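Numbering (our numbering), first residue to last: 1 to 1116. Report on one structure; see the data block that follows.
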């Protein structure tokens, strides 16, 4: 285990190195300077932005210029050229100017700017001219003074060799950042930059430095990281009396001496990490009395001198991490007597042991990191003087025992990390002094025993991680009672009144302790996943803390008892109470018996207050038992599917009949007795359900050898409500065989041949019986069985399998004519047969005559007012507004206005028609008007002409009427053929099909008006008819006066009448007067074409708005 923790991969080293360098980079600058890496172009806003916009304006671009300038986000941006820019310039007035080159390095075509004074100028990826100063190179910016200059190539070698002349005119520069692949630096390079305070030479290729910094006497920050420096020459920093920060990380230094730092006695921060140093002289830091931060990480030290830091009494932060060579220990007193030392990082160095005096006298330490070592034990006095310690990290070591007195003086400790060790138990006093501790991490140890008083003094603890241990709480000396916790009882967590997070994931805990419900009142997150909990009840969910989330996933929970949850919540629910969230996913639930209440919860069958109080997550939970529900998601299990055993193992009183299995169903309080396939010859005595709180018996006795059913005298039989006795040998059924509470009876596949009248009477009179199955028997279908057969035929709602009930000869009972079964008097039968035969011949003859001339007969009867009730409709269409909707082509309008509408709407017919020119509402969609008119009319009269066939609107009207007629399964369409329509085979497919399957009438037929009136809706008593015949109008007709009604196919046409629709009231007087065969006028003085007599374009006719017919649609 220890070896596994220590073996670092190359990838881990790289990750750690990146983390270290990021930390170093961010922390390498003095705190008084507000410089933040990555934000050198940021900052500013509000009034500052407004002022900046006023102080700078984009220059005017000439017609030949290739550049653009715009204000975007918080700065100005100039691009040259506009598309695929090769140079960009970003400007925030008074703050910075950044020039970035892509494929061009000549600034000659850039517009002249006047930036004046600015804080920073930055050049990226641009090649500096060899003999031109930087100030001349960026002259187009118009910068007068700048404090910072950046030149960066990000690793690209542009062949630039910096010389002193490049910095001519930049004497006022305070900060210089050069990261451009520099390999060597001339001694006089910075000779003219005596005011320089910051010099950053990071990420170059510098190997040697010789008198380079002699003139930089004001330097406070010197960044030399990520170069190839192999040594620091003595006297290199002799003039840097003001130097505060020196970064030498990621170089190739092997050794340094105190002479390397002579002259830099003011140095406060020194980073020597990520080098190749193997040893240090004891006096190497002797000349640095003001040193505050020292980083020696990522080197190759095999040992360190004991007195290495004896002269650095101001040291506050010491980092010695990731040493690349195993180091067993540190010298005694190595970090002792450093009164200002506050942070110590000694992690990842493979220490095996530490001296007890390591930190002696260094009483100001706040943070101590000893993680990722191989420490197997700690000296008891190691932390004797660390009274201010707040964070202690001992994770990832090999500690098996913590010394009893180790933490005695660390009373201000806030965070303690002991994860990933080998701790097996915790004593009662180990944390006794940690009264301010808020975080304790004990995960991934081998803990199996915790004393009940271990946390008695850590009452401020808010987070406790103990995952991946061996905790079961079975062997501790305390007693847990479900609802009564007395003094001295409880778990080790009972004292943690401030605890918010408790992680006990992956232990061996078998229950939810009541401490967590009623004592840990601030608990928010309780993780008990991957434990050994097997049963739960609602009391385990009664947490007094607010908005708690309990993770019980991946346990062994088979039983969740919520039987009293609804009543408890119903009596104690408070609207201010917070919700409890419980996750029980990935558990092997038993979906029988006690699961009933959980099923009710999941099916939303409980009171709504339950769902306001608790939310249980059952995702990825399937039934493990019983067999019939195995694999079913618990959310799909209905409460009626949940069964309980009647006699549980160990029950002394056995109520289930021998040879049967018995269960109860709480949903309807049923006792289910199952004796299916047990070879039984009779039904045994049954339990009495009322004696133990249930209502009825559901009896399954299928597939046995039972020959007869018992009587109600059999104990328990009278309580049978559902009786299943299919596939037995029952040959007779008596009334006394029917339980008094019977609701369902399955007698399929027995040997029954008949049911006597008394049984039929009992079955027929039963008000409880709702489901009877009789198929699969050899029923005798003769006169003696007529009552039984009549019962079956008339009780099709009770006999659920009536379609499968058949006679012994295979004939379906549904096909039997019961009257044909009883033939007792043969003479009567013969006489009756002869009479019936003659009568049948007469009826047949009349039928043939009627079939041949039925239309003429019906029309004659109708016109002579004879048996009119045979051809009238019922009152199914009484609510429809119109008797007929007229569908025609506007080119046939003369026929409509001169003949069809006047005749239909005037005496003696008095029909109310819907005519689109009169009755359509203006402003509505035509298609919607058509559909509404068809729906509001009892008939649709289609005037089928050659013009109609060519009209799309007319065909749409026909389709609408045809579809409406088919949907109602009633004949509502009347076809009038007006003129020659050509070959029917060339018509629209729907029209062609309709004409082939239905009759129609032709204009010019002598019986035209009689046939049309017959096809229209009519009441039982037809107004305007006399016995002498129909009063006819003389109208003009076409030349074809002899055409007859066409019957296109030799099939019996559907009746032209629909269920009766007697018209209510009296129709409105006809608004039409025929004048000269053209003009249609009503009594109010309106022409039929919509023109008013006074010349206006539109008007009303009988309350309908009339649109000028001259302004036709394309074809309506």
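Ideal Cβ placement from N, Cα and C applies to all residues, glycine included. Remember, it's a predicted structure, so these values are computed and weren't measured experimentally.
Query raised in the report: With 16 other CB atoms within 10 Å as the buried threshold, where does residue 635 fall?
Result: exposed
Report task. Take the Cβ of residue 210 as the centre, count every other Cβ of all protein chains shown within 10 Å, and call the residue buried at 16 or more, exposed below. Result -> exposed
Report task. Could you round the C-beta distance between residue 520 and residue 499 to whole angstroms and report it? I think they count as a contact, below 8 Å. Result -> Taking the Cβ atoms as the reference, residue 520 lies roughly 5 Å from residue 499, within the contact range of under 8 Å.
Requested in this report: Apply the 10 Å Cβ neighbour rule to residue 963 and answer buried if 16 or more other Cβ atoms are within range, or exposed otherwise.
Outcome: exposed
Query raised in the report: In its own chain, which residues sit with a C-beta less than 6 Å from the C-beta of residue 39, not counting the 5 before and 5 after it?
Result: Only weak support exists for where residue 39 lies, its pLDDT of 34 falling under 50; the value from the coordinates is given anyway. Cβ neighbours of residue 39 beyond the five flanking positions: none.
Query raised in the report: Going by DSSP, which residues form a beta bridge with residue 319?
Result: 295, 345
Query raised in the report: For residue 239, which residues of its own chain have a beta-carbon under 8 Å away from its beta-carbon, when the five flanking residues on both sides are left out?
Result: Taken in chain order, the residues that qualify are 213, 214, 215, 216, 217, 263.
Requested in this report: Determine the closest residue to residue 372 out of 325, 355, 420, 378, with distance taken between C-alpha atoms.
Outcome: 420
Query raised in the report: Which residues in the same chain as residue 315 place their Cβ atom closer than 8 Å to its Cβ, once the five residues preceding and following it in sequence are excluded?
Result: 291, 292, 293, 294, 309, 338, 340, 341, listed in sequence order.
Query raised in the report: Cβ atoms of residue 298 and residue 322: under 8 Å apart, would you say?
Result: yes
Query raised in the report: How do the stretch 606-617 and the stretch 639-650 stand: do at least 3 beta-carbon pairs fall below 8 Å, yes or no?
Result: no
Query - Contained beta strand (DSSP E) runs [length at least 3] in the stretch 65-110, N- to C-terminal order - result: 68-72, 75-80, 87-92, 96-101
Report task. Write down every uninterrupted run of the beta strand (DSSP E) in the stretch 918-988 whose length is 3 residues or greater and which is fully enclosed by it, in chain order. Result -> Runs of the beta strand (DSSP E) inside the stretch 918-988: 937-944, 973-977.
**Report entry** Test item: CB-CB of residue 306 and residue 289 under 8 Å
**Finding:** no
Requested in this report: Any chance you could list the beta strand (DSSP E) runs of at least 3 consecutive residues sitting entirely within the stretch 370-430, in chain order?
Outcome: 391-393, 415-417
Query raised in the report: Just checking, does the stretch 644-662 make contact with the stretch 568-582 on the three C-beta pairs under 8 Å criterion?
Result: no
Requested in this report: Could you check if residue 572 is buried or exposed, using at least 16 other CB atoms within 10 Å of its CB as the buried criterion?
Outcome: exposed
Query - Straight-line Cα distance separating residue 258 from residue 286 - result: CA-CA distance, residue 286 to residue 258, rounds to 7 Å.
Query - Within 8 Å, strictly: CB atoms of residue 664 and residue 701 - result: no
Query raised in the report: Between the C-alpha atoms of residue 526 and residue 496, what's the straight-line distance to the nearest angstrom?
Result: 13 Å
Query raised in the report: Going by DSSP, what residues sit across from residue 245 in a beta bridge?
Result: Per DSSP, 221, 269.
Query raised in the report: Expressed to the nearest angstrom, what Euclidean distance is found between the alpha-carbon atoms of residue 196 and residue 325?
Result: C-alpha of residue 196 to C-alpha of residue 325: approximately 39 Å in a straight line.
Report task. Mind checking who residue 882 pairs with in its DSSP beta bridge? Result -> 937
Query - Contacting residues, own chain, Cβ-Cβ under 7 Å from residue 104 (five flanking each side not counted) - result: 86, 87
Query raised in the report: Run through DSSP, which three-state label would residue 772 get?
Result: Reduced to three states, the DSSP call for residue 772 is strand.
Requested in this report: Quickly, what does DSSP pair residue 366 with across the bridge? List them, please.
Outcome: Residue 366 is not bridged to any residue.
Requested in this report: Kindly indicate the opening and closing residues of the beta strand (DSSP E) around residue 1015.
Outcome: Taken as a continuous stretch (DSSP letters only), residue 1015 belongs to no beta strand (DSSP E), being part of the alpha helix (DSSP H) at 1008-1015.
Query raised in the report: Nearest-angstrom Cα distance between residue 536 and residue 620?
Result: 18 Å
Query raised in the report: What number of angstroms, rounded off, separates the C-alpha of residue 312 from the C-alpha of residue 275?
Result: 22 Å
Query raised in the report: What are the boundary residues of the alpha helix (DSSP H) that residue 903 is part of?
Result: 901-905
Report task. Take residue 1055 and list the residues in its own chain whose beta-carbon comes closer than 6 Å to its own, dropping the five residues that flank it on each side. Result -> Summary for residue 1055: the model assigns pLDDT 36, below 50, so the residue's position carries little reliability, and this model does not support an answer.
Query - Exposed unless 16 or more other CB atoms sit within 10 angstroms - verdict on residue 80 - result: Under this definition residue 80 is a buried residue.
Requested in this report: Evaluate the contact criterion for the stretch 928-935 versus the stretch 998-1014: three or more CB pairs, one atom per stretch, below 8 Å.
Outcome: no
Report task. Measure the CB-CB distance between residue 757 and residue 787 and report whether it falls below 8 Å. Result -> yes
Query raised in the report: Tell me which same chain residues have a C-beta within less than 6 Å of the C-beta of residue 425, skipping the five on either side of it?
Result: 449
**Report entry** Proximity below 8 Å, CB of residue 250 to CB of residue 266
**Finding:** no
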